[in-house]
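Q:
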Amino acid sequence: MKKKQELCLLPVLVVDCLVSIMGGSPLPSPILIGPDKAYLNSKVVFQCRSPGSPPPNTYELLKDGNHLVATSNGLQDDQSATFFLKISVTSEGSYHCRVTAGGNMGLSGTVRLQVVIPVSGTMVTSDPDPPILYEGLRLTLTCDVTKGSHLSYTWFYNRQEVPSSPTSPLTPLLLWPVGNTLVVERVTTKHAGNYSCIAGTRMQTNSRFSSSREVTVRVKAYLSVPQISFTISKEGSSYHGNVTCRSSRGTPPVTFYLFLDDKEVGSDVATESLVAWFPIAMVPGRDMGAVRCTVESDAQRLTSRPLTLVVVPVGGSPKVDVEYLYRVDSKMVAARLQCLLSLGTFPFFSWSLNGSLLLHASHALADGGRTLFLTEITLEDSGYYRCRARDSYDVTSAWVESQPVLVQVTEVATTTIEVMAIVFCCFLMLTLAGGVACVMRMLNRQRDIVASSEQRARARAANERRFSEHFCIIPDPLPLSDITTRPLRSQYNRRDEIKPNFRPTGSSQNNPSM
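When you line the sequence shown up against mature numbering (1 follows the signal peptide of the UniProt record, and there is no 0), it's residues -24 to -1, 1 to 490, in that order.
1) Could you please give me the residues that DSSP links to T220 through a beta bridge?
2) Compare the C-alpha of A340 against each of L313, G359, L355, R364 and name the closest.
3) Let me confirm a value: N486 is counted as buried when at least 16 other C-beta atoms fall within 10 Å, else exposed. Which label applies?
4) Return the chain-ordered list of same chain residues with a C-beta closer than 6 Å to the C-beta of T270, the five sequence neighbours on each side being excluded.
5) Provide the residue span of the beta strand (DSSP E) that contains K196, from first to last.
6) By Cβ distance, which residues of its chain are closer than 6 Å to G112, with the 5 residues on each side in sequence left out?
7) What number of angstroms, rounded off, separates the C-alpha of L230 from the C-alpha of D370?
8) Quick one, are the C-beta atoms of Y198 and G226 less than 8 Å apart?
9) From V159 to Q136, what does the alpha carbon distance come to, in whole angstroms?
10) Whose C-beta lies closer than 6 Å to the C-beta of S223 among residues of the same chain, with five residues either side of it excluded?
11) Out of A246, T247, V241, point me to the one whose CA is closest to A257's CA.
12) Does the distance from the CB of P323 to the CB of V290 come in under 8 Å?
13) From the DSSP output, which residues share a beta bridge with W327?
14) Within this structure, are the beta carbons of G69 and L127 separated by less than 8 Å?
15) Just to check my reading of the structure: S26 and L3 have Cβ atoms closer than 8 Å, yes? What is that Cβ distance to the nearest angstrom?
16) Of the residues T207, Y15, T34, which one's Cα is nearest the Cα of C24?
17) Determine the closest residue to G344 out of S358, Y361, T354, L317, with distance taken between C-alpha atoms.
18) What residues in its chain sit with their C-beta under 8 Å from that of T157, if we drop five residues either side in the sequence?
19) Which same chain residues, not among the five before or five after R122, have their C-beta less than 7 Å away from its C-beta?
20) Under DSSP, the beta strand (DSSP E) around T177 begins and ends at which residues?
21) Measuring alpha carbon to alpha carbon, tell me which residue in R88, V65, T66, I63 is nearest H72.
22) Would you please state the rounded distance, in angstroms, between the beta carbons of V75 and S125? I believe it to be under 8 Å.
23) Closest to Q55 by C-alpha separation, out of S188, N330, A77, would be which residue?
24) Mind checking T302: buried by the 16 CB within 10 Å criterion, or exposed?
25) Between which two residues does the beta strand (DSSP E) containing R268 stretch?
26) Bridge partners for E240 per DSSP, in chain order?
27) Where do the N-terminal and C-terminal ends of the beta strand (DSSP E) with I7 fall, by residue?
28) Can I204 and C221 be called in contact, C-beta distance under 8 Å?
29) Determine, using beta carbons only, whether L191 and P107 come nearer to each other than 8 Å.
30) According to the neighbour-count rule (16 or more other Cβ atoms, all chains shown, within 10 Å of its Cβ), is I398 buried or exposed?
31) Using 10 angstroms around the beta-carbon of R366, count the other beta-carbons present and answer buried if the total reaches 16, otherwise exposed.
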């Protein structure tokens, strides 16, 4: 028991020894106040407070363990010391203060200081460089700075911030910034535009930012297969052809080439559009050869289908085909007239009603005048229609005219839904009435059959009763011996048991047996 008490008193003795060596009781822990971040070449303030320690006090600012940075002697009763530091590259580290008073010492907690280099020289770099690329390729934009540390980045597309949020309006473009980079895996034409970034350091006070210039990203569309067509015109007595090469999709500039019978006859660079025109000699009614056009960019070369240069003059006998158009309620709302022409590459059409040219606003033309729509159906639109045609490139060419076709337009609607519904209801009622009549007839017939059967049964029963009244019915058959030995007359005792209405064929008076 005595040994256990000695072991319990051992820590107390150790503490007493340490206090006696340091010359007094320990001080309460001081408090160190200072910034966690500071710009390079700026000045910062650290303040060490030691409440409860009587002056005079010695305050020491230490860095990274026991490296002494500054010392201050406190002779006043404010119980604090202030240290002013100019930040250099080597100023980054962990700071704490040590207070000594009357031979006693106290240590504060640690304050971690980071040295921040101010940002400058922000710019956007791209891969590829310059930022001109075709659809489907990968685009990487990087926000670089000349100098700076502890940076955060903000991206802008067409001066609209690109947030890292799935609800952003730019989310369909798949613009997802990661750090100082903005990556688009497969660009489309929608990604073309102006990009910029802002790099900065966010501090509790005096935050600094640096913005870049805008970088224009161009996304090129791949070319589509060119389409080829031609027209013809007449000047005086000579004819001139014009071949058009056009791509519906792509990004200029591109170069068009024209080939006649596989021989290049012209080229043109289109810088603003995707179309080119080439003049060529033409003679109506003559085969001038086959032409093709080729479009070329820095990544593609495509060729159109061949086109034969033949102009057939207008000829033959036109024919008018009429088709009536109806609404869902079967009411006529329009009529379509089409002029069918057997010959003619570039026809010009004209329509007439009852011998007068059609100029009314209710008449709409389509397919180069080949089709006539009567969009307002009135009685005035009824009559005989004709179409005629001539060569569009030669105003002096002869007209060919069709036979008149009667177009009868009425204001009375054809079978409507209401009429169809009434007819259907009437038919249904007739069907039900016929069904009910058939059922009643079947029931009556069955009733008649039952009544007839009962009447026959009653008649048969009555006949049987009458027969039983006139004749004796032998309940049991007689033995064969009785039938052969007995005379038949022995069954009857009297002659008058036979009814008087039974008369034999001969006279009974002359029969000796009677």
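Cβ atoms here follow ideal geometry from the backbone N, Cα and C, with glycine treated the same way.
A: By the coordinates alone:
1) DSSP, once it has assigned bridges, lists S205, W253 as partnering T220.
2) Here the closest residue by C-alpha is L313.
3) Reliability of the predicted coordinates at N486 is poor, the pLDDT of 40 falling under 50, and no value is obtained from them.
4) Y233, T279
5) 191 to 196
6) R162
7) First, the amino acid is wrong: residue 230 is Val here, not Leu. Distance between the alpha carbons of V230 and D370: 35 Å.
8) yes
9) Whole-angstrom Cα-Cα distance: 17 Å.
10) So the list reads L199, S200, P202, L250, V271, once near-sequence residues are dropped.
11) The shortest C-alpha separation from A257 is found at V241.
12) yes
13) C363
14) Contact flag unset, no.
15) About 7 Å separates the CB atoms of S26 and L3; that is less than 8 Å, so the two are in contact.
16) T34
17) Closest in alpha carbon position to G344, among S358, Y361, T354, L317, is L317.
18) T116, L117, T118, C119
19) Note on identity: in this sequence residue 122 is Thr, with Arg being the wrong assignment. Excluding residues within five positions, the ones whose Cβ falls inside 7 Å are S96, G97.
20) 169 to 177
21) R88
22) Incorrect: roughly 33 Å between the Cβ atoms, too far for contact.
23) A77
24) The sequence shown places Tyr at residue 302, not Thr. Y302 should be labelled exposed.
25) 266 to 272 is the extent of the beta strand (DSSP E) around R268.
26) F235
27) 7 to 9
28) yes
29) Before going on, a small fix: residue 191 reads as Val here, not Leu. Yes; because the gap between Cβ atoms is below 8 Å, this pair is in contact.
30) Under this definition I398 is an exposed residue.
31) Per the 10 Å Cβ criterion, buried.
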